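Peer 1: Sharing a structure, written as structure tokens. Questions coming.
Protein chains in written order, with full-length UniProt numbering: chain A, 1 to 560; chain B, 1 to 447.
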């Protein structure tokens with residue numbers, strides 16, 4: 001087109017200034033025009049003016065108009081000249097053209113804006129993508145390096161593995177070799193041993209011969225007299241009969257042992273069969289009846305009939321006779337079947353439960369979950385309440401233990417505890433005093449009884465003395481009176497006081513007879529007796545006053 | 001528990017009579033028979049030489065005294081003290097002597113195991129059993145006393161002969177598939193005979209009474225094998241203890257292993273109770289010390305009291321590493337015993353010689369572990385109940401029952417190191433034997 005720099009375009013109107021100001025911001029050049037003109041920064045209006053005035057001056061109005069017309073027509077605008085002539089400028093068309101140009105300019109500006117916006121966006125995108133790309137490249141590098149490292153490690157481990165395998169193989173070979181060596185040495189030793197043993201046997205035979213040949217009378221048995229057999233029977237000759245009997249005995253022993261074992265095994269078998277039957281029944285009961293029926297229906301007749309047959313057969317027959325293979329197999333097979341069914345059932349239930357946890361579509365499921373949640377809430381509430389209770393109790397306890405402020409209450413409390421203890425102690429004291437009283441009573445009664453006994457003894461002694469005197473006198477006078485020398489049993493029968501303690505007193509009196517009746521011995525005896533008595537009262541528990549008689553007797557027996 | 005005073009003893013020879021009335025003990029040449037409840041001397045017999053072995057006859061009427069050096073066996077009667085019997089093996093020599101189950105025959109094994117002579121006390125007959133095997137346990141009687149099994153070796157092969165004890169008739173004679181038969185043992189019901197090989201080969205063979213091979217069991221090869229076996233009293237189980245410190249239990253129906261019991265050096269993760277014996281230092285009141293110190297005071301000062309403490313698992317036991325290049329290493333299960341009610345099995349691992357392991361058979365689990373201060377010398381189950389008495393060479397006897405464990409100090413003045421225990425057949429008392437003395441311990445009867 002021409003070099004715009006040289007032509008000075010005069011400024012047409014104030015509007016064009018703004019337009020140019022507008023355009024000065026844009027960097028995009030319209031097609032065909034020299035970019036340099038528009039790219040020129042036109043900050044000040046003066047420069048705009050100068051550039052505008054550069055194009056059209058007073059001299060070249062015609063040329064510039066014709067030029068503009070040419071340009072516009074080439075751009076597709078209508079001509080700015082009047083139709084017929086060529087020199088007249090059609091103002092309307094020129095204004096239209098100008099308007100069109102302005103609109104075009106606006107459009108172009110807008111387009112430029114958009115394009116620039118997009119350009120920015122694309123630029124930022126590209127930056128971002130470049131960053132990503134850089135990062136990914138780094139990562140790729142890293143992972144490549146890692147892979148290489150891992151591959152290296154893998155290679156090393158594999159080589160190690162191979163080495164270890166090799167070592168293992170070597171070890172195994174060595175072990176095998178050693179075993180072979182051992183076995184060969186063992187055979188060698190066995191052979192040598194056998195040789196030595198044969199030699200030894202020969203020596204033994206020789207020695208045996210020598211020993212037998214010597215026939216020294218020393219090898220003999222000297223017995224005072226022969227002893228009878230342990231079972232009292234006489235010895236028997238060794239005959240075929242006895243041999244046969246021995247064999248029989250041996251087989252009997254073996255047979256009895258086997259029979260016993262078989263019995264045990266039968267019992268065990270029966271028990272196990274019972275257990276299996278029970279298990280089968282329980283499994284059948286566990287399985288839900290519908291499922292079972294469905295199963296049975298699905299599996300058709302044979303299964304159902306089999307089960308029924310099984311149940312029928314095994315219930316009918318006697319347990320003890322179920323020993324044949326087929327029945328046993330049937331039982332085990334049926335149990336296996338039932339067990340499998342139960343297993344499937346349980347698995348199904350498991351699946352259902354897991355489904356319940358994951359989904360919540362089915363109403364039933366929702367309700368159950370709600371129930372579950374309600375329950376959990378209730379439980380949580382309970383837990384909370386319990387926790388609070390525990391806390392309050394703990395606090396109370398704390399308060400109780402560590403409340404130094406209120407002395408009165410603490411004292412009261414302490415007093416309460418002490419009171420309890422005191423009361424307990426008082427109870428125990430009371431019991432103890434009661435027991436002591438009982439002891440005392442019994443001791444008194446014992447001492448009284450002892451004193452009584454002593455007195456009785458004295459009385460007896462006196463009586464005896466008197467009687468002996470009488471005897472003596474009577475003997476000297478009349479011989480017949482000697483028949484009256486009865487033992488102290490007469491005294492036993494007559495004395496009423498001794499009725500309660502008949503046995504004991506008789507023993508006492510017997511002892512006195514033995515002692516030749518020195519009076520001095522009595523107090524010793526009685527004192528001994530009381531000592532024993534008191535010791536017995538101390539050691540034994542009080543059981544009432546009815547017992548002392550028996551005790552006294554037993555004590556006396558002890559002292560004897 | 002009451003303890004009697006110490007009596008002299010030699011050779012750990014103190015035996016209760018089978019009927020439980022008498023106790024026979026040896027002091028050098030003399031045989032002393034005492035009454036069990038009063039320990040008063042009932043009879044005193046003098047033998048010709050130092051006694052090496054005594055044995056009561058099954059009816060408690062006779063006692064045999066064997067003197068191996070002189071090759072003489074003397075038999076004494078309790079009913080008639082004047083009766084005497086002397087069996088002289090002369091130049092044949094004597095290495096072992098025992099009664100037959102009927103109490104009227106004596107079986108003498110001559111030197112070098114040349115033969116076994118059966119002397120009869122009822123008749124003038126003498127029987128010989130040739131080629132007996134010189135092994136750990138080559139002559140066994142069944143529990144009911146009807147049959148006797150003898151291990152034999154002819155032409156470098158092992159055989160077993162079964163005799164009927166009534167007339168010494170040979171019932172069965174069969175060979176065994178062993179390299180070197182080490183021992184045989186009847187099951188308590190008398191129907192099965194277990195025969196095991198020497199420790200160079202782990203093999204145990206089970207024969208029926210009529211000589212049929214019922215089963216063979218071999219746990220492993222090449223390593224040292226069986227060290228000890230024990231039948232359970234009901235014949236249901238056979239416990240096999242081996243050098244690999246494990247006990248394998250076989251069942252009597254299939255003769256297959258039902259379980260193994262391990263004896264590791266450290267016990268972890270067990271529900272068993274571990275009793276550890278700890279020493280209590282004796283408390284001495286300094287005021288009561290007198291000079292010169294009385295005997296009782298001296299012994300009480302130096303005798304250490306001990307009690308049991310329960311240790312928490314994990315427990316590490318005293319472990320003695322066996323010397324590698326010696327024969328018969330001190331490792332493996334050397335002692336095993338079933339309780340008479342078939343509920344418990346006591347085992348001892350020779351590499352932890354201070355430990356007693358007690359296993360419960362109902363649950364096949366370890367039930368209790370006793371860790372002692374001294375090495376276990378001997379133990380014996382009470383014949384009627386499940387009570388185990390253990391001695392470790394100290395002057396204490398240890399009793400274990402399912403209810404608990406007890407260490408009892410024997411109140412003696414002298415030095416008394418218990419190395420053997422013998423229960424009375426009724427379980428009311430037991431004899432504690434040491435090298436030179438013995439004492440009888442009377443237990444309170446539980447109501």
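A virtual CB, placed ideally from N, CA and C, is assigned to each residue, including glycine.
The structure displayed is predicted, hence computed values, not measured ones.
Out of curiosity, what's the CA-to-CA distance linking residue 109 of chain B and residue 278 of chain B?
Peer 2: Taking the first residue of the second chain as 1, we reach residue 109 of chain B at position 109. Taking the first residue of the second chain as 1, we reach residue 278 of chain B at position 278. Spanning the two alpha carbons is a distance of roughly 46 Å.
Peer 1: Buried or exposed: which applies to residue 132 of chain B, given that a residue is buried once 16 or more other Cβ atoms fall within 10 Å of its Cβ?
Peer 2: As a position in the second chain, residue 132 of chain B is number 132, starting the count at 1. Answer is buried; the Cβ neighbour count reaches 16.
Peer 1: Of all the residues that make up the segment 235-257 of chain A, which are near chain B by a beta-carbon distance shorter than 8 Å?
Peer 2: Hits within the stretch, in order: 235, 236, 238, 242, 243, 246, 247, 249, 250, 251, 253, 254 and 257.
Peer 1: Alpha carbon to alpha carbon, how far is residue 134 of chain A from residue 141 of chain A? Give it in angstroms, no decimals.
Peer 2: Position 141 of the first chain, counted from the first residue, corresponds to residue 141 of chain A. Position 134 of the first chain, counted from the first residue, corresponds to residue 134 of chain A. Between residue 141 of chain A and residue 134 of chain A, the C-alpha separation is close to 10 Å.
Peer 1: Would you please verify whether the beta carbon of residue 443 of chain A is less than 9 Å from any beta carbon of chain B?
Peer 2: Taking the first chain and counting its residues from 1, the one referred to as residue 443 of chain A is at position 443. For residue 443 of chain A, the answer is no, since every Cβ of chain B falls outside 9 Å of its Cβ.
Peer 1: Name, please, each residue of chain A whose Cβ falls closer than 8 Å to the Cβ of residue 189 of chain B.
Peer 2: As a position in the second chain, residue 189 of chain B is number 189, starting the count at 1. Under the 8 Å cutoff, chain A gives 257.
Peer 1: Between which two residues does the alpha helix (DSSP H) containing residue 358 of chain A stretch?
Peer 2: Counted from its first residue, the first chain places residue 358 of chain A at position 358. Start and end: 325-358.
Peer 1: Residue 347 of chain B to residue 360 of chain B, Cα distance in whole Å?
Peer 2: By one-based count along the second chain, residue 347 of chain B stands at place 347. By one-based count along the second chain, residue 360 of chain B stands at place 360. Each residue's Cα considered, the two are about 11 Å apart.
Peer 1: Hey, out of B/34, B/435 and B/50, whose CA is closest to residue 43 of chain B's CA?
Peer 2: By 1-based counting over the second chain, the position of residue 43 of chain B is 43. The shortest C-alpha separation from residue 43 of chain B is found at B/34.
Peer 1: I want to verify the contact list: residues of chain A whose CB lies under 7 Å from the CB of residue 164 of chain B, in sequence order.
Peer 2: Start at 1 with the first residue of the second chain, and residue 164 of chain B comes out as number 164. The contacting residues are 246.
Peer 1: Does the distance from the CB of residue 333 of chain B to the CB of residue 256 of chain B come in under 9 Å?
Peer 2: Locating residue 333 of chain B in the second chain gives position 333, counting from the first residue. Locating residue 256 of chain B in the second chain gives position 256, counting from the first residue. Their beta carbons are not under 9 Å apart, which means residue 333 of chain B does not touch residue 256 of chain B by this criterion.
Peer 1: I'd like to know whether the C-beta of residue 267 of chain A is nearer than 9 Å to at least one C-beta of chain B.
Peer 2: Walking along the first chain from the start, residue 267 of chain A turns up at place 267. No - not a single Cβ of chain B is within 9 Å of the one on residue 267 of chain A.
Peer 1: For a contact meaning CB atoms closer than 7 Å, what does residue 191 of chain A contact in chain B?
Peer 2: To locate residue 191 of chain A, count along the first chain from 1; it is residue 191. Within 7 Å Cβ-Cβ: nothing; residue 191 of chain A doesn't reach chain B, min ~10 Å.
Peer 1: Which class does residue 175 of chain A belong to by DSSP, given the choice of helix, strand or coil?
Peer 2: Here residue 175 of chain A corresponds to residue number 175 of the first chain, with the count starting at 1. Three-state result, residue 175 of chain A: helix.
Peer 1: Going by other Cβ atoms of all chains shown within 10 Å of its Cβ, with 16 needed for buried, is residue 170 of chain B buried or exposed?
Peer 2: On the second chain, position 170 is the one that residue 170 of chain B refers to. The residue is exposed, with fewer than 16 neighbouring Cβ atoms inside 10 Å.
Peer 1: Evaluate residue 203 of chain B with the Cβ neighbour count: other Cβ atoms within 10 Å of its Cβ, from every protein chain shown; 16 or more gives buried, anything less gives exposed.
Peer 2: If you number the second chain from 1, residue 203 of chain B lands on position 203. Buried: at least 16 other Cβ atoms inside 10 Å.
Peer 1: Roughly how many whole angstroms lie between the Cα atoms of residue 191 of chain A and residue 153 of chain B?
Peer 2: Residue numbering aside, residue 191 of chain A sits at position 191 when the first chain is read from its first letter. Residue numbering aside, residue 153 of chain B sits at position 153 when the second chain is read from its first letter. Each residue's alpha carbon lies about 16 Å from the other.
Peer 1: May I ask which residues mark the beginning and end of the alpha helix (DSSP H) holding residue 285 of chain A?
Peer 2: For the purposes of this step, residue 285 of chain A is identified with residue 285 of the first chain, where counting begins at 1. Here the alpha helix (DSSP H) through residue 285 of chain A covers 240-286.
Peer 1: Against chain A, which members of the segment 66-99 of chain B pass a CB distance test of less than 7 Å?
Peer 2: If the cut-off is 7 Å between Cβ atoms, the segment 66-99 of chain B has 83, 84, 85, 86, 87, 88, 89, 90, 91 and 92 near chain A.
Peer 1: Under the three-state reduction of DSSP, which class applies to residue 1 of chain B: helix, strand or coil?
Peer 2: Numbered from 1 along the second chain, position 1 holds the residue referred to as residue 1 of chain B. In the structure shown, residue 1 of chain B sits in coil (DSSP, three-state: anything other than H, G, I, E or B).
Peer 1: Could you name the residues that DSSP lists as bridge partners for residue 108 of chain B?
Peer 2: By one-based count along the second chain, residue 108 of chain B stands at place 108. Note: residue 108 of chain B sits in a beta bridge opposite B/97 and B/117.
Peer 1: Check distances from the C-beta atoms of the segment 207-239 of chain B to those of chain A and list, in chain order, the residues that come in under 7 Å.
Peer 2: Listed in sequence order: 208, 209, 210 and 222.
Peer 1: Going by beta carbon distance, what residues of the same chain come within less than 6 Å of residue 420 of chain B, once the five residues before and after it are set aside?
Peer 2: Counting from one through the second chain, the residue named residue 420 of chain B turns up at place 420. For residue 420 of chain B, where only same-chain residues beyond five positions count, the Cβ hits under 6 Å are 12, 378 and 433.
Peer 1: Could you confirm whether any beta carbon from chain B is found closer than 9 Å to the beta carbon of residue 427 of chain A?
Peer 2: Against the first chain, residue 427 of chain A aligns to sequence position 427. Output row for residue 427 of chain A: interface = no.
Peer 1: I want to verify the contact list: residues of chain A whose CB lies under 8 Å from the CB of residue 469 of chain B, in sequence order.
Peer 2: Limits of chain B in this structure are 1 at one end and 447 at the other, which puts residue 469 of chain B out of reach.
Peer 1: Please specify which runs of the beta strand (DSSP E), each continuous and at least 3 residues long, are wholly inside the segment 152-221 of chain B, giving them in chain order.
Peer 2: Counting whole runs of 3 or more residues, the segment 152-221 of chain B contains the beta strand (DSSP E) stretches 157-164, 169-175, 181-186, 192-197, 204-208 and 213-217.
Peer 1: Going along the segment 162-180 of chain A in order, which residues come within less than 8 Å of chain B, judged by CB to CB distance?
Peer 2: Result list: 179.
Peer 1: For residue 168 of chain B, I'd like the list of residues in its chain whose CB is within less than 7 Å of its CB, leaving aside the five on either flank, ordered along the chain.
Peer 2: Along the second chain, one-based indexing puts residue 168 of chain B at 168. For residue 168 of chain B, where only same-chain residues beyond five positions count, the Cβ hits under 7 Å are 118 and 127.
Peer 1: Report the residue ranges of all beta strand (DSSP E) runs contained in full by the segment 126-166 of chain A; include only those spanning at least 3 residues, in chain order.
Peer 2: Entirely contained in the segment 126-166 of chain A, not one beta strand (DSSP E) run reaches 3 residues.
Peer 1: At the level of alpha carbons, what is the spacing between residue 112 of chain A and residue 100 of chain A?
Peer 2: Translated into the one-based positions of the first chain, residue 112 of chain A becomes position 112. Translated into the one-based positions of the first chain, residue 100 of chain A becomes position 100. So the two alpha carbons sit approximately 18 Å from each other.
Peer 1: Could you check the C-alpha separation between residue 535 of chain A and residue 449 of chain A for me, to the nearest Å?
Peer 2: Within the first chain, residue 535 of chain A is the residue found at index 535, counting from 1. Within the first chain, residue 449 of chain A is the residue found at index 449, counting from 1. With a pLDDT of 41 at residue 535 of chain A, under the threshold of 50, the modelled position of that residue is not reliable, and the figure given next carries that caveat. Their Cα atoms are separated by approximately 16 Å.
Peer 1: What's the C-alpha gap between residue 331 of chain B and residue 30 of chain B?
Peer 2: Along the second chain, read from residue 1 onward, the residue named residue 331 of chain B stands at position 331. Along the second chain, read from residue 1 onward, the residue named residue 30 of chain B stands at position 30. Going from the Cα of residue 331 of chain B to the Cα of residue 30 of chain B covers about 38 Å.
Peer 1: Write down the C-beta distance between residue 149 of chain B and residue 176 of chain B rounded to the nearest angstrom, noting that I regard them as a contact closer than 8 Å.
Peer 2: Position 149 of the second chain, counting from 1, holds the residue named residue 149 of chain B. Position 176 of the second chain, counting from 1, holds the residue named residue 176 of chain B. That belief does not hold up - the Cβ atoms of residue 149 of chain B and residue 176 of chain B are roughly 11 Å apart, past 8 Å.
Peer 1: Cutting at 8 Å between CB atoms, please list the residues of its own chain near residue 181 of chain A, excluding the five before and the five after it.
Peer 2: On the first chain, position 181 is the one that residue 181 of chain A refers to. Cβ neighbours of residue 181 of chain A beyond the five flanking positions: none.
Peer 1: Do you know how far the Cα of residue 66 of chain B is from the Cα of residue 107 of chain B?
Peer 2: Stepping through the second chain from its first residue, residue 107 of chain B is reached at position 107. Stepping through the second chain from its first residue, residue 66 of chain B is reached at position 66. Rounded to whole angstroms, residue 107 of chain B to residue 66 of chain B spans 11 Å at the Cα level.
Peer 1: Which same chain residues, not among the five before or five after residue 307 of chain B, have their C-beta less than 7 Å away from its C-beta?
Peer 2: Here residue 307 of chain B refers to the residue found at position 307 of the second chain. These residues qualify, in order along the chain: 278, 280 and 407.
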